[in-house]
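Each remark here refers to the structure printed beneath this line.
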């Protein structure tokens with residue numbers, strides 16, 4: 023439940039203020055919003071929706087509870103979405119150039135996430151599940167950071183790995199983890215998490231309402 027509230031808080035921190043329009047009657051009568059303006063607004067909403075979906079997955083995978091960390095990674099993924107949209111237009115007829123540019127953006131995203139996490143174990147878990155975050159776009163494979171060995175002190179267990187990732191054509195996502203946890207994210211951003219002990223947590227993306235069923 024705490025994590026659901028955390029994710030809602032992080033998503034809210036990514037929202038931007040609405041733009042104020044000039045309402046003078048003379049201007050309204052002569053001016054019609056351009057198609058380009060509508061495209062920009064729709065693109066921005068798409069970047070934020072995608073960032074919200076990804077950070078929900080990342081936070082569940084890595085068991086993140088720090089609102090600052092979650093918000094920062096969410097902003098990183100928003101910036102990634104915006105940059106990828108730009109380079110898709112720039113390299114519309116250049117497949118090789120587009121591939122290299124996509125990889126560069128993903129590598130920079132990796133570095134930003136690593137810096138934000140500041141935790142080798144969590145970053146290793148992140149890289150293990152990276153294919154589900156980047157959804158088939160290229161990146162440079164990284165060597166996992168060696169974890170320090172401390173005598174007589176057991177290592178903290180890593181987060182569960184993703185064993186099944188299913189994204190429907192309509193946008194619904196279902197993620198199954200190795201510990202039995204199942205996360206479902208519908209196209210509207212509503213999240214349902216079912217834990218191995220039978221507990222179910224639902225969060226409404228619109229109003230942030232959280233329901234827990236045990």
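Residue numbers (the working numbering): 23 to 236.
By construction, the Cβ of each residue, glycine as well, lies at the ideal position given by its N, Cα and C atoms.
Remember, predicted model here, so these are calculated numbers, not experimental data.
A Cβ-Cβ distance of about 5 Å is found for the pair residue 69 and residue 104, placing them in contact under the 8 Å criterion. The three-state secondary structure of residue 130, taken from DSSP, is helix. The alpha carbon of residue 108 has as its nearest neighbour, out of 87, 131, 186 and 124, the alpha carbon of 124. Residue state for residue 209 is assigned as coil, using DSSP reduced to three classes.
Distance from residue 211 to residue 74 at the Cβ level is roughly 6 Å; contact confirmed, criterion being Cβ atoms closer than 8 Å.
Cβ neighbours of residue 208 within its own chain (closer than 7 Å, five residues either side excluded): 194. Per DSSP, reduced to three states, the secondary structure at residue 236 is coil, with no helix or strand assignment. C-alpha of residue 127 to C-alpha of residue 228: approximately 30 Å in a straight line. Residue 184 places its beta carbon less than 8 Å from that of residue 199. With a contact defined as Cβ atoms closer than 8 Å, residue 118 and residue 99 miss out at about 25 Å. Within the DSSP secondary-structure output, residue 92 pairs in no beta bridge. By the C-beta density criterion, residue 145 is buried, having at least 16 other C-beta atoms within 10 angstroms.
At the C-beta level, residue 196 and residue 206 come within 8 Å of one another. Listed in chain order, the non-local C-beta contacts of residue 134 below 6 Å within the same chain comprise 98, local neighbours out to five positions each way being set aside. Residue state for residue 196 is assigned as strand, using DSSP reduced to three classes. Judged by DSSP secondary structure, residue 225 falls within the beta strand (DSSP E) whose first and last residues are 222–225. For the pair residue 136 and residue 231, the Cα-to-Cα distance works out to about 31 Å. Annotated three-state conformation of residue 188 is strand, per DSSP. Taking every protein chain shown into account, the CB of residue 188 has fewer than 16 other CB atoms within 10 angstroms, so this residue is exposed. The alpha-carbon separation between residue 217 and residue 182 amounts to approximately 12 Å. Rounded to the nearest whole angstrom, the CA to CA distance from residue 121 to residue 89 is 33 Å.
If the five residues before and after residue 155 are omitted, its C-beta is found closer than 6 Å to the C-beta atoms of 76, all from its own chain and listed in chain order.
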